[in-house]
Every structure is written in structure tokens, then in C-alpha cells.
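Peer 1:
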Amino acid sequence: MNFEFMTIDTPLPPCMPFPIALTGFPVSSTAKVMYCRMLDAMLSKGQEDENGILFVCFPVTAIATVLSRNSMTVKRSLNELETA
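Taking the working numbering, the leading residue of the sequence shown gets 52, the next gets one more, and so forth.
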């Protein structure tokens, strides 16, 4: 059996940022993945307001499609993040 090991030169596939603080955050896995997707979208395609604050327009239906979840689950996950 052949094994491939990761080395310092191994190219990584495209990936999203996952803030370390999310590991202990008391929210569902769906909310964590959703946060990462929104953060990735903001960092890659985000817009800046007049105060220099980044934001992204990511409608609930679009998030639901990207996460393969329904709109209710997305709304519940958004609520989890807002109240945590």
C-alpha cells in the first residue's frame, strides 16, 4: 500500500478561513460553516462602506443554496450567531 504524506511543499487546495474562536463557540456546526462561507465571501468579494467597514450582500436564499440547507435553517443559524 502506498501512502502520500503532506510535506512543506505540498500544495493545498483552495480553502476558507476558519477563525479559531469558532471552535469553542456555542453554536451549531451549520452556523459555523455559514459564518466561514460569509467571511470568505466578504474577504474575496466584499464591499467597503464609507467608514471602511467590509460587508457582503449574501441573501438567505443564496446562503441556503450554497450550504444545501433550507431558508429556515439558515435563518435559525443567523439567529444563533447574533445571539451567541
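Virtual Cβ for every residue (Gly too), placed ideally from N, Cα, C.
Out of curiosity, what's the CA-to-CA distance linking N121 and S128?
Peer 2: 11 Å
Peer 1: Is the distance from the Cβ of A92 to the Cβ of F109 below 7 Å?
Peer 2: yes
Peer 1: Tell me which residue opens and which closes the alpha helix (DSSP H) that I104 is part of.
Peer 2: No alpha helix (DSSP H) holds I104; DSSP gives it neither H nor E.
Peer 1: Considering only their Cβ atoms, is the gap separating P70 from A135 smaller than 7 Å?
Peer 2: no
Peer 1: Compare the Cα-Cα distances from S95 to each of E133, P65, T74, V84 and report the closest residue.
Peer 2: P65
Peer 1: Quick check: the Cα distance between A115 and A72, rounded to an integer number of angstroms?
Peer 2: 24 Å
Peer 1: Using the Cβ count rule (16 or more neighbours within 10 Å means buried), how would you classify M57?
Peer 2: Exposed is the call here.
Peer 1: According to DSSP, is E99 part of a helix, a strand, or is it coil?
Peer 2: Residue state, collapsed to three classes: strand.
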